[in-house]
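Structure below.
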């Protein structure tokens, strides 16, 4: 479910929202009338009236009449032709998506119409000051805050990316429609634009016909950065800085950023054989390339703004040094050309000359970047050979740039002298004449502009960096003098900060705090990679690799050793200085892939990669195994390169997922930190910081939502206590999904309900699938979400939530959890009929045809719930509106507590304990969204065994809310009778799209 509670909802009329819904609904009606004719419109309206009547009658308690109407509706759907069913499914699906767009934009409208936003930085900082927090403590805490939002490719985004972009354009048009200065002609043009967008949506295939590759998923994540987060970050940081200055007297330091971004797209190989070492390497290089490309665009625009001559002596000296160096370089080039061909054709074309064209956006103030109302989606042209696996385009030479672009040297074999002369002649014919007409005459050119000289040099080094990455992508030699390109963000920041300090010292602070400050803040936030890529692999794959190594070395079978023997072996090898793995070891392909991944990690280092996450971790040896394989790879790569590996070692992060593993998380961390080598390693290489990840999805599938929530709470308490005992700081990494059954829910509420001491200025959290688009699809919503993360973490740090006031409350929680878990597991894992019921009553088997992710739906091919991934498990139940994973067992547990006389305690727990309150509220919300009659209809049509129908009836007893939609069920029934009918399957998948849009969450 989208984080609607994160937005201010109070005090604003819904009239504008309703107007948008009516407008989009009316335009869709017109498009359908033109595309399909009046007969279909009549059919659509009749089905809509029947469905709405059934819903209204159930809501009014007129059950008997509702049943009659539903039977009539079902009969008409059953008699409908396949072609009409497909069109009807598409129409309802697009209608729900358009209403979702209106809702998303309404949240933007609400945020814009309130002067004092709840949960905003200004509001939260002021309240903290009023509550007794000193300005100094507030300032220091904000400046030291470290939050990382990790975007993942978990397959829960139902819409194709091309449709997502069309939806964004409609949102932009809705925003433009609110302008007060629109003339009647402008309104007509806007309506025509909306009609064109809706027509294009209707004529676009909603379904992915092929599974995306991991590179496709990574590219989608990078485009979220480009289209939204890139614009949002400067506005967000300005809000933080202004709020700090207002409440403490000091602005946010220019290179300080409380939030950064990470990614799993292209690095998460847990159960996904499509993510290989090469994919991880390519995606990391691609991310670096796009970062450079975005910086180059910003420099082009910034150079127009900084057209002034007044500067500090230090900047003037740097500009003169750059000009002298370039002049010497040009003299050398001219001498070379005098020997080989055309003479005097190369002229010094530095940034002193004005460009032929204005860069896109240079004519707009920087404040419009987050709210420009553009409907066009601009995308980077990405690097690579057309034949390359990434299927990307070679970068074009920028002719519209205000800064000089060094000529592109062809990759591969060096051209001969004759080829060079031909290339040079062809590149100059015609072009030079047009440039003479477009560029100002010499007499009209301005004098020396030191800022442009320095920024021109920065751009040239960025272009060199970009070409180096292109060569790396193609595995071609790319040795360059490190002074000619940027390999760290600190080197890039150095000249930018010098320009900033120069402007400040010369009385031009208003210019310094404009686009230049925004660019510096972007560099501080995104670095050289936009999002550092995490690597994730299952612990069993590391054990398998060490088995192969120890067996090859005649040391025994690693997996057969007990935990202490494993720890002794691993610690001994980690203290050694030689590689463990022989260079020519013969291993299986799976083992070789693991070793290859560690080699890529060593080649890229911590400058490009983030953490190495171990899924299904359970023991201290799981962490040391990765540390050993990482150390071994770095020794080998360093030897091959003849120099140290770039960056540092990756943070190794155990991920505790199942209930049993969560219970052992604290003891495992204690054991790990008790090992001298590991503790010294954490202090020396990771600033005394241990990161631990907790998983919400698998724990919920393992024991039910309530038990999972309680075990997660206790595990975090224990991990924090373990780290505190050894004087080690801890960062908890939350693997939250979008749906409540997978740990989802409002961000603010989730952070505020964590155990005391678990959020001490640091936090990592995943944002997955459809939630990435919902929260960060628009710059305006991104700014709001970033503020919410910042203020929630700040409050949890300075004013942590209350622990259970009474020890008896823990006993009540344990009892509720025990009863809840018992019912959940007896139903899901112990009832032999459940798996068959699940397969019949839900579209879980058909979900695979949606092609929404690159990874398989199951970890292993063997049948059973335990091998099914949590996403399709939740997704399938959401489609039937039973939403079983989020509530099963909870009612039984709470009722048992009441029966035992704990009603008073439950009331007090709800009023005083944020964790218990948020857990109950989220489950209550899910139950309200569930629809028992609809789930029953799935059973009636699809489940034929009487015993399994009885099981469905038992499951529906806890649900009361009614909502009606029978189209998907009817199509699914037909599909089961004609499995090879592709059009019928398309109709089913489109209804799944529509239901996901209406429910606002998938998996």
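Numbering (the UniProt record's numbering), first residue to last: 1 to 1003.
C-beta atoms are modelled at their ideal positions from N, C-alpha and C, and glycine is treated no differently.
What you are looking at is a predicted structure, and each value in this text was computed from that prediction instead of being measured.
- With DSSP collapsed to three states, give me the class of residue 730. strand
- Task: Please go through the stretch 229 to 313 and give each complete alpha helix (DSSP H) segment of 4 or more residues, from N-terminal end onward.
- Result: 230 to 248 and 277 to 305
- Message: Please classify residue 819 as buried or exposed, where buried requires at least 16 other C-beta atoms within 10 Å of its C-beta.
- Response: buried
- Query: Along the chain, where does the alpha helix (DSSP H) that runs through residue 920 open and close?
  - Reply: 914 to 929
- Item | residue 654, DSSP secondary structure in three states | strand
- Taking 6 Å as the cut-off, does the CB of residue 938 come closer than this to any heavy atom belonging to the ligand MN? Questions concerning the ligand MN fall outside what the structure shown contains, since it holds no ligand whatsoever.
- Item | Distance CB(residue 529)-CB(residue 287) smaller than 7 Å | yes
- Task: State the start and end residues of the unbroken alpha helix (DSSP H) segment that holds residue 57.
- Result: 38 to 59
- For residue 775, the three-state DSSP class (helix, strand or coil): helix
- Taking the alpha carbon of residue 732 as the point to measure from, which residue in 694, 141, 667 and 70 has its own alpha carbon closest? 694
- State buried or exposed for residue 253, treating a residue as buried only when at least 16 other CB atoms are found within 10 Å of its CB. exposed
- For residue 614, does the three-state DSSP call read helix, strand or coil? strand
- Just confirm the distance between the C-beta atoms of residue 1004 and residue 792, as a whole number of angstroms; I'd bet it's less than 8 Å. Because the chain spans 1 through 1003 in this model, residue 1004 falls outside it and cannot be assessed.
- residue 573 to residue 567 span [Cα, whole Å]: 10 Å
- Item | Own chain, CB closer than 8 Å to residue 16, minus 5 neighbours either side, in chain order | 106, 109 and 178
- Message: So, with DSSP's three-state summary, where would you put residue 149?
- Response: strand
- Query: Considering only C-alpha positions, which residue in the set 878, 841 and 806 is nearest to residue 909?
  - Reply: 806
- Query: Would residue 795 be called buried (16 or more neighbouring beta carbons within 10 Å of its own) or exposed?
  - Reply: buried
- Report the rounded CA-to-CA distance for residue 648 versus residue 611, giving the unit in angstroms. 11 Å
- How is residue 802 classed by DSSP in three states: helix, strand or coil? coil
- Quick one: what does DSSP say residue 62 is sitting in, helix, strand or coil? coil
- DSSP beta-bridge partners for residue 762? 146
- Message: Taking the beta strand (DSSP E) that residue 533 belongs to, which residues open and close that run?
- Response: 532 to 538
- Item | Residue span of the alpha helix (DSSP H) that contains residue 586, given as start and end | Premise fails: residue 586 is in no alpha helix (DSSP H) and is neither H nor E.
- Message: Under 8 Å, with one C-beta from each stretch per pair, do the stretch 879 to 890 and the stretch 916 to 930 reach the 3-pair mark?
- Response: yes
- Assuming residue 536 and residue 270 form a contact by the criterion Cβ under 8 Å, report the distance between their Cβ atoms to the nearest whole angstrom. 5 Å
- Where the alpha helix (DSSP H) containing residue 937 begins and where it ends: 932 to 942
- Item | Close-in-space but distant-in-sequence residues of the same chain around residue 35 (CB under 7 Å, 5 per side omitted) | 202
- Message: Measuring alpha carbon to alpha carbon, tell me which residue in 495, 494 and 468 is nearest residue 482.
- Response: 468
- Message: My assumption, with CB atoms under 8 Å, is that residue 559 sits in contact with residue 543. Please give the rounded CB distance.
- Response: 5 Å
- Message: Along the chain, where does the beta strand (DSSP E) containing residue 690 start, and where does it finish?
- Response: 689 to 695
- Nearest neighbour of residue 527, chosen from 232, 22, 569 and 607 [CA to CA]: 607
- Task: For residue 142, count neighbouring Cβ atoms within 10 angstroms of its own Cβ and tell me buried if that reaches 16, exposed if not.
- Result: buried
- Alpha carbon of residue 671 to alpha carbon of residue 503, nearest angstrom: 54 Å
- Whose C-beta lies closer than 7 Å to the C-beta of residue 251 among residues of the same chain, with five residues either side of it excluded? 241, 244 and 245
- Message: Across the stretch 771 to 789 and the stretch 211 to 230, are there enough close Cβ pairs to call them in contact, namely three or more that are closer than 8 Å?
- Response: yes
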